[in-house]
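There are 4 protein chains.
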Amino acid sequence: MSQKPWDGRFSEQTDRAVEAFTASIDIDRRLYQYDIDGSIAHCRTLARAGILTPEEADELVFGLESVRGEIESGTFSYNDSLEDIHMHIEDRLFSHVGNLSRKLHTARSRNDQIALDTRLYVKDQGGKIAGQLLDLCKAFIDLAENNIDVVLPGYTHLQRAQPVLFAHHMMAYFEMFARDKARFEDCLKRVDVMPLGSAALAGTTYPLDRSYTAELLGFSSVSENSMDAVSDRDFIMELLSCASICMVHLSRISEELVIWSSTEFSFVDLPDAFCTGSSIMPQKKNPDIPELVRGKAGGVFGSLTAVLTLMKSLPLAYNRDMQEDKKPLMDAVDTLRTCLDIYVRMLPKITVNRSLTEAAADRGYLNATDMADYLVEKGMPFREAHGVVGKAVAYALGEKKELHELDLPELTFFSSLIEDDIYPALSVKQMIDRRKTYGGTATQNVQEAIERARKRLS
Amino acid sequence: MSQKPWDGRFSEQTDRAVEAFTASIDIDRRLYQYDIDGSIAHCRTLARAGILTPEEADELVFGLESVRGEIESGTFSYNDSLEDIHMHIEDRLFSHVGNLSRKLHTARSRNDQIALDTRLYVKDQGGKIAGQLLDLCKAFIDLAENNIDVVLPGYTHLQRAQPVLFAHHMMAYFEMFARDKARFEDCLKRVDVMPLGSAALAGTTYPLDRSYTAELLGFSSVSENSMDAVSDRDFIMELLSCASICMVHLSRISEELVIWSSTEFSFVDLPDAFCTGSSIMPQKKNPDIPELVRGKAGGVFGSLTAVLTLMKSLPLAYNRDMQEDKKPLMDAVDTLRTCLDIYVRMLPKITVNRSLTEAAADRGYLNATDMADYLVEKGMPFREAHGVVGKAVAYALGEKKELHELDLPELTFFSSLIEDDIYPALSVKQMIDRRKTYGGTATQNVQEAIERARKRLS
Amino acid sequence: MSQKPWDGRFSEQTDRAVEAFTASIDIDRRLYQYDIDGSIAHCRTLARAGILTPEEADELVFGLESVRGEIESGTFSYNDSLEDIHMHIEDRLFSHVGNLSRKLHTARSRNDQIALDTRLYVKDQGGKIAGQLLDLCKAFIDLAENNIDVVLPGYTHLQRAQPVLFAHHMMAYFEMFARDKARFEDCLKRVDVMPLGSAALAGTTYPLDRSYTAELLGFSSVSENSMDAVSDRDFIMELLSCASICMVHLSRISEELVIWSSTEFSFVDLPDAFCTGSSIMPQKKNPDIPELVRGKAGGVFGSLTAVLTLMKSLPLAYNRDMQEDKKPLMDAVDTLRTCLDIYVRMLPKITVNRSLTEAAADRGYLNATDMADYLVEKGMPFREAHGVVGKAVAYALGEKKELHELDLPELTFFSSLIEDDIYPALSVKQMIDRRKTYGGTATQNVQEAIERARKRLS
Amino acid sequence: MSQKPWDGRFSEQTDRAVEAFTASIDIDRRLYQYDIDGSIAHCRTLARAGILTPEEADELVFGLESVRGEIESGTFSYNDSLEDIHMHIEDRLFSHVGNLSRKLHTARSRNDQIALDTRLYVKDQGGKIAGQLLDLCKAFIDLAENNIDVVLPGYTHLQRAQPVLFAHHMMAYFEMFARDKARFEDCLKRVDVMPLGSAALAGTTYPLDRSYTAELLGFSSVSENSMDAVSDRDFIMELLSCASICMVHLSRISEELVIWSSTEFSFVDLPDAFCTGSSIMPQKKNPDIPELVRGKAGGVFGSLTAVLTLMKSLPLAYNRDMQEDKKPLMDAVDTLRTCLDIYVRMLPKITVNRSLTEAAADRGYLNATDMADYLVEKGMPFREAHGVVGKAVAYALGEKKELHELDLPELTFFSSLIEDDIYPALSVKQMIDRRKTYGGTATQNVQEAIERARKRLS
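Chains as they are written, first to last, in this note's numbering: chain A, 117 to 574; chain B, 117 to 574; chain C, 117 to 574; chain D, 117 to 574.
So, in structure tokens, the structure goes:
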């Protein structure tokens with residue numbers, strides 16, 4: 117049975133280069149477990165429909181499990197002339213159960229078969245990604261909690277802006293990855309639809325109980341329209357969109373870790389085990405992990421571009437172009453999963469140089485806004501206060517002092533509303549804890565946010 | 117008050133080219149209504165917090181509404197030196213309420229203000245898109261229903277494969293756009309979070325009741341973390357992902373309409389009003405609408421690429437790069453909305469040339485699968501039956517006949533299992549109606565699918 | 117020597133997951149030959165500079181060639197803890213030449229080494245692509261020449277527009293791929309720059325004769341600036357741009373072959389050996405090769421997106437993100453090269469169904485423009501003639517006739533300028549051959565274009 | 117003459133929404149000057165062919181110039197029902213020259229007309245971009261020359277690596293932008309091809325002297341194949357590729373300026389006129405220009421994605437999808453040109469804080485490589501020397517000293533090869549000037565590189 121499943125009408129031998137060009141086995145062999153699970157469920161469904169006897173179904177299932185065993189033990193061999201994983205498995209099944217194997221493909225096409233395999237893959241991997249995001253969220257909460265009293269300059273435009281708690285900064289990432297998790301979960305709802313029984317495109321003439329197949333495979337529902345089921349790949353595009361957005365978030369924390377690891381910032385120490393050195397410069401300790409994660413974002417965006425482009429303008433139903441969906445899908449899933457894994461491992465081992473972050477938060481006029489707020493409280497309109505403080509900053513810059521290092525006469529020169537109570541208002545501690553409006557960086561806020569976050573995860 | 121809001125410390129005059137380069141007013145002026153709505157809600161919240169008196173709040177609201185009136189009546193003037201819509205409105209507000217206008221920006225930064233405006237825009241537009249998708253879904257249901265008995269060849273690889281109902285084909289699109297709608301709705305859940313009160317990045321020192329602001333603006337919740345609220349734009353990337361996927365679907369039906377409008381297919385007639393002619397070839401009736409929609413998909417993918425790229429690797433919190441998110445966002449929203457609109461208008465007017473689609477379904481060996489199924493029913497394993505039919509097709513091709521045009525002796529030459537009952541089995545009507553497994557193209561199935569679809573929409 | 121090249125300062129053992137995450141050996145092992153060639157040239161240059169003795173250089177070269185032999189014979193083993201191909205080769209070199217191997221990396225960093233390897237790869241592959249494009253151009257010329265008198269409807273908007281020679285249509289692709297070839301050649305000029313000697317980023321303190329290295333490796337020039345040499349990858353982005361544009365062209369001819377292979381068009385027959393069948397529908401002969409090529413365009417665009425994104429916003433000089441450039445580069449090169457290869461094989465075997473293409477060119481009012489031109493020649497302004505013909509077409513449509521099937525009284529009803537000489541003017545043959553302005557589809561034009569094309573290639 | 121140019125055969129009134137959807141006037145009105153130039157050249161060519169009398173041609177040219185005057189003086193009015201710029205101009209021409217205007221479109225289609233207009237636009241704008249790149253290259257040379265003796269830490273992985281001259285760093289950008297310029301110039305060679313005379317797709321029946329048209333319009337050659345000429349847009353994709361790569365380079369210098377402007381680095385001061393402040397934080401001086409440029413890179417990549425996607429899989433010849441090429445093209449050209457302009461203005465005004473950059477170059481073990489090189493010179497194999505220095509760095513870190521702050525006994529502990537001459541070898545000045553291999557950072561090298569660069573530009 118090493119013939120093609122369709123070569124009845126061909127007169128010429130298929131050219132070897134064509135075989136190599138059209139074969140997908142290098143990629144789709146990774147789907148073997150889903151393909152076998154799907155075939156087993158199909159067997160059971162054929163048996164329930166009376167198309168196979170129970171004994172035939174048992175024998176086929178036994179044969180399929182034998183093939184699975186061979187694949188998993190590494191004794192299975194692959195070759196391009198068998199095109200894809202479906203044919204490899206069916207061909208090998210023939211060795212186990214003989215002619216009976218030829219009944220397995222009844223009421224099924226490779227079109228619905230690959231739609232099923234891909235959905236099983238996405239369901240499985242998407243679920244694992246959601247699990248990894250849960251771990252990552254926990255890691256950020258832990259990192260926040262373990263550094264609850266560490267202060268750091270908050271930046272806008274990479275300029276020091278206002279002091280924030282390091283924990284608050286980390287909880288911003290918690291929010292991003294929590295949304296990522298929700299996004300994957302929403303995506304998975306749309307993946308959770310069983311396409312088998314759609315056959316080539318028009319549905320099947322055999323009386324299959326598709327709900328039974330769905331139940332066996334753990335799907336919540338069956339597809340409503342056979343043409344849609346075999347021809348659309350929006351669930352892949354959606355997964356790749358979720359992955360791309362998640363990589364944006366990972367690239368952002370990575371960028372921060374790279375910047376914070378520079379000598380100039382020195383805000384954090386990455387664990388030695390997660391860095392590498394230089395082949396020529398012995399003093400280097402390079403933040404390779406965040407750099408690689410940051411770089412890998414591009415590859416995931418590229419996968420999304422690839423699948424959007426390949427699906428664009430395809431007429432219904434199945435077209436061979438769609439074979440090209442699996443490489444970008446798997447590349448992106450692999451990339452995202454290893455990036456999440458390495459972050460879950462690395463985050464707990466990051467140490468913050470609190471003496472340096474706190475010193476940084478104390479210099480650079482981060483209390484300018486609070487000085488403006490102070491003036492507003494004393495009755496000055498905000499825009500005017502902003503102007504007054506701008507002038508004070510310019511003066512202080514000239515004197516090479518911070519605002520809180522100016523003495524009272526210097527300060528009152530800018531506004532007579534300023535009094536001695538300005539000094540505590542300009543302290544880092546007060547600045548942090550006065551931002552107690554919901555969502556702000558006040559210590560108590562952040563502690564409560566951490567508690568809420570833990571609850572949201574459980 | 118034509119000064120910059122921040123120029124206290126600047127010694128040089130801002131260069132005009134810099135003004136033009138940094139100004140966003142050409143783009144963000146479209147956000148005026150959201151900006152004013154946000155400012156009004158902010159006023160009310162400031163009043164509730166005792167930062168403004170009720171009278172001040174009323175006066176500011178009145179002033180803001182006056183500015184809105186001026187914008188809507190076209191008497192408002194724009195210039196680059198006022199940078200953005202926030203400053204334009206505040207500057208103009210000064211003309212209406214004088215110094216009081218300077219109090220409006222208390223407890224607010226442009227960072228949380230633009231986050232709010234953009235969320236209001238996405239909420240509004242995303243909701244409208246979902247509404248348009250509902251209309252589009254209805255249009256596909258109607259088109260299906262109005263052509264319930266029209267048969268068409270179903271294609272794979274653009275080769276005739278098996279006959280399907282035109283209605284079944286249309287309902288495949290219903291499914292795609294119904295998923296698109298669900299995807300936008302899931303996206304909107306994550307948009308529905310009120311960011312105001314996050315101030316520049318660290319939260320505000322003023323005791324704002326953010327839930328009250330949320331309530332006034334129709335948001336379901338408030339943001340949990342101020343740094344996240346002002347620095348993330350994943351809701352934009354998600355909307356653009358949804359839009360890109362939806363454009364893939366639109367590009368597919370467009371490709372089909374273009375192909376079906378060719379002389380060679382002639383399956384449909386697009387309404388004259390939706391076509392254009394040629395400046396040089398008087399006979400042409402070009403399917404411009406589907407072509408343009410197909411082409412516009414590229415632009416939406418480009419918008420997604422743009423925002424993913426620009427957000428990648430940005431450290432927290434706000435960075436000026438993020439100003440560049442609005443053009444691709446608005447471009448994509450505009451494109452998608454006009455494409456949906458034009459499709460909702462065009463679909464009902466499409467006519468199907470049923471005599472041609474039905475003739476096409478009758479030729480090209482579309483009953484080959486059914487002949488194989490026939491043999492399977494008679495006891496032949498599927499793979500073997502497939503081979504038998506392949507040989508019969510090759511023979512028929514040589515005879516320039518269809519399978520159902522071969523006489524019984526010719527057919528039995530390929531398998532002795534074939535009997536006279538093969539002919540009805542090979543008729544288009546039976547082929548369609550035998551595919552009655554859930555999701556298949558049998559007429560009754562499709563009628564029920566239409567009914568379920570109507571229920572799902574209501 | 118299984119230690120890392122940089123682990124003098126590390127206190128912790130490198131974590132295994134980190135090793136797997138950071139290792140690039142799975143990808144860059146494909147660069148082994150370029151790496152060894154580069155190392156050999158580096159040896160010779162070190163010897164010329166007196167840093168190695170001639171005997172040392174000979175021994176190292178011998179050792180490197182031994183390693184090459186091991187790799188090529190498949191006896192070489194790879195593992196993640198050696199990170200990359202550079203370390204694998206150097207580590208193995210130690211087995212051959214002992215401590216001497218440690219001198220090889222003098223005056224070199226992995227930063228300039230990988231820049232060299234990648235340039236050698238791009239130079240080699242880019243040259244091969246240019247060669248394949250030459251073959252493809254020849255194949256289009258041959259296809260044109262072999263079908264010089266075949267007429268086909270020319271399309272705009274996939275609507276029949278005016279008759280053209282099939283050869284003219286094919287020569288349009290010749291032009292596209294000839295430009296692609298020129299584009300790759302321009303790209304290769306910028307690749308042809310030797311970076312070694314740039315060391316980590318600042319240049320080297322050793323007196324290397326870099327021109328000698330360049331000469332040994334076949335480069336025309338050496339890099340001007342060490343920081344640029346190790347940090348820029350614009351030559352990769354340019355190659356990927358060229359590849360993307362070329363894939364656009366391949367996708368277009370592929371789309372045409374898919375459409376032309378449909379039953380409705382039936383303009384061409386693809387060779388059986390380049391098609392596959394269906395596992396469920398025995399009559400199918402699917403245009404898989406063009407479909408796959410069309411689909412693969414997306415992957416190449418994705419590679420370009422990936423590298424643009426990863427390089428964006430990287431500070432000088434080398435960053436680890438840049439390790440991620442090789443996978444998209446190699447993916448795209450592999451894809452393009454196999455697509456070109458398969459097209460060069462397939463094109464000569466395509467047959468045109470000239471009776472069908474010619475019949476198609478005769479119907480669908482393709483002579484409407486020529487009727488307008490006829491009227492213009494008789495003195496009517498073009499815009500007016502266009503309107504007259506439009507009305508004639510509408511009338512003929514109603515009569516279910518072509519323009520040349522209307523009799524003279526019918527025609528003169530639309531304009532009294534029409535005389536009996538209109539009929540030859542409306543014949544396909546004349547329409548083709550009257551378009552003899554340079555670049556037009558007249559037979560003689562096309563023959564001359566073919567001759568010029570052959571000359572351009574030689 | 118407000119009718120459509122093609123509505124002879126249409127029975128229904130074109131719907132207003134369709135008009136708005138299909139109209140391109142909002143975008144292509146920017147092409148008016150190219151369209152008029154093209155029409156004038158077309159007139160002259162028609163006259164030379166005897167299709168127009170000289171007087172008619174003069175009158176048409178006069179009319180076209182009158183329309184140009186109206187457009188440029190702002191008295192021209194636009195509306196969607198006239199679709200595009202071609203029809204607007206022709207319609208208005210009618211007012212000036214009456215029925216004669218109807219002769220202008222003889223031997224021309226909108227297909228070759230828009231191909232011409234777009235090529236003229238790209239030629240013009242591409243040439244201007246090349247000119248701006250020349251200015252930018254000069255600005256980098258000047259910046260290098262004016263800071264020829266300023267030392268700065270060179271970075272890899274954003275970790276201090278080895279000291280370099282600031283001028284050397286700037287000259288790396290010179291190289292990048294010089295390549296960008298060459299890339300645009302290569303692109304322009306392929307743009308410089310005159311398409312008019314290709315008509316709708318098949319060429320024209322009128323005896324046009326296309327070389328004459330080319331000469332009038334300043335093109336070097338005419339297109340070889342009419343179908344290619346009207347249907348390909350690879351020159352746009354190539355321009356967008358060049359623009360994308362150039363934006364990568366701009367994003368890199370921008371990233372560096374943002375990082376260098378941070379308080380932590382403080383390596384440069386951007387001119388006040390090129391920064392903006394904060395609406396809430398009076399002390400902020402934000403590097404808005406580099407941030408915006410960095411962000412705008414995404415939009416240009418998006419334009420490239422858009423055009424690649426829209427052109428993918430389009431059958432020959434013209435398809436309406438191609439109308440969508442102009443917006444991304446113009447968006448990208450505008451973006452690139454304004455970014456180049458602002459950089460040419462800003463660069464000369466950047467000041468380097470040399471005391472800070474030099475202090476930074478002195479700390480962080482940037483002389484570690486040179487210590488290894490020192491040991492190699494004394495006879496130690498490089499890999500071993502690397503290990504020795506690694507240990508010395510670890511020791512020095514523990515002592516909170518730099519390598520050059522260790523005393524001789526401390527140093528000799530790590531290797532007995534170390535002698536008193538190590539100290540000058542570890543000085544920044546020597547480290548720089550020892551890197552005198554071609555392309556290295558030695559002062560004399562950089563001075564010579566600057567001279568060569570000036571010559572290359574002239």
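Glycine included, C-beta positions come from ideal geometry on N, C-alpha and C.
Practice item. Output, in chain order, the set of chain C residues within a Cβ distance shorter than 7 Å of D/D348. Key: Those within 7 Å of D/D348 in chain C are M292.
Exercise for review: Tell me whether C/P464 is buried or exposed, calling it buried when 16 or more other Cβ atoms sit within 10 Å of its Cβ.
Suggested key: Answer is exposed; the Cβ neighbour count stays below 16.
Practice item. For A/A316, return the contacting residues in chain B, with the cut-off set at a CB-CB distance below 7 Å. Key: For A/A316, the C-beta contacts it makes with chain B under 7 Å involve T272, A277, Q278, T485, in order along the chain.
Practice item. Pick out whichever of A/D200, A/G319, A/T169 has its Cα sitting closest to the Cα of A/A136. Key: Cα-wise, what sits closest to A/A136 is A/D200.
**Study point:** Short Cβ contact (7 Å threshold) for C/V468 with C/V266
**Key:** The answer is yes: Cβ separation under 7 Å.
Review point. Run through DSSP, which three-state label would C/S127 get?
Key: With a pLDDT of 45 at C/S127, under the threshold of 50, the predicted position of this residue should be treated as unreliable, and no value is reported.
Practice item. Closer than 8 Å by beta-carbon distance: list the chain C residues that pair up with B/E407, in chain order. Key: Ordered by position in chain C, the residues that pass the 8 Å Cβ test against B/E407 are H273.
Check your understanding: What first and last residue would you give for the alpha helix (DSSP H) that runs through B/P323?
Key -> Premise fails: B/P323 is in no alpha helix (DSSP H) and is neither H nor E.
Check your understanding: Per DSSP, what kind of secondary structure is A/G270 in: helix, strand or coil?
Key -> Of the three classes helix, strand and coil, the one that applies to A/G270 here is strand, per DSSP.
**Study point:** Chain-ordered neighbours of D/R326 on chain C, where CB pairs are closer than 9 Å
**Key:** Neighbours of D/R326 in chain C, taken as residues at a C-beta separation under 9 Å, are given in chain order as T553, Y554, G555.
**Study point:** C-alpha distance - B/L373 paired with B/Q149, whole-angstrom precision
**Key:** If I take the Cα positions, the gap works out to 39 Å.
**Study point:** Chain-ordered residues of the region 378-393 of chain B with a beta carbon less than 8 Å from chain F
**Key:** The chain inventory of the structure shown lacks chain F, comprising the protein chains A, B, C and D.
Review point. Is A/I405 closer than 7 Å to A/M109 when the C-beta atoms are compared?
Key: There is no way to answer for residue 109 of chain A, as the model of chain A reaches only from 117 to 574.
Check your understanding: Taking 7 Å as the CB-CB limit, is A/V374 close to chain D?
Key -> True, the Cβ-Cβ gap to chain D drops below 7 Å.
Check your understanding: If you measure from the beta carbon of B/T425 to each beta carbon in chain C, is any gap under 7 Å?
Key -> Under the Cβ criterion of 7 Å, B/T425 is counted among the residues facing chain C.
Check your understanding: Going by the CB atoms, is the gap between C/Y434 and C/V346 shorter than 7 Å?
Key -> A contact, by the Cβ cut-off of 7 Å.
Review point. Any idea what DSSP makes of D/N195, helix, strand or coil?
Key: Coil, per DSSP.
Review point. In this structure, does DSSP put B/D228 in helix, strand or coil?
Key: B/D228: helix per DSSP, three-state reduction.
Point to revise | Sufficient close CB pairs (3 or more, under 8 Å) joining the region 235-254 of chain C to the region 350-361 of chain B | key: With a cut-off of 8 Å, the region 350-361 of chain B and the region 235-254 of chain C do not count as touching, because too few Cβ pairs lie within range.
Practice item. For A/Q241, I'd like the list of residues in its chain whose CB is within less than 6 Å of its CB, leaving aside the five on either flank, ordered along the chain. Key: Closer than 6 Å at the Cβ level, and outside the excluded window around A/Q241, lie V449.
Check your understanding: Could you give the residue range of the beta strand (DSSP E) that holds D/A277?
Key -> Segment 275-281, the beta strand (DSSP E) holding D/A277.
Check your understanding: When the cut-off is 7 Å and only beta carbons count, does C/S419 lie next to chain A?
Key -> By the rule that beta-carbons nearer than 7 Å mark a contact, C/S419 touches chain A.
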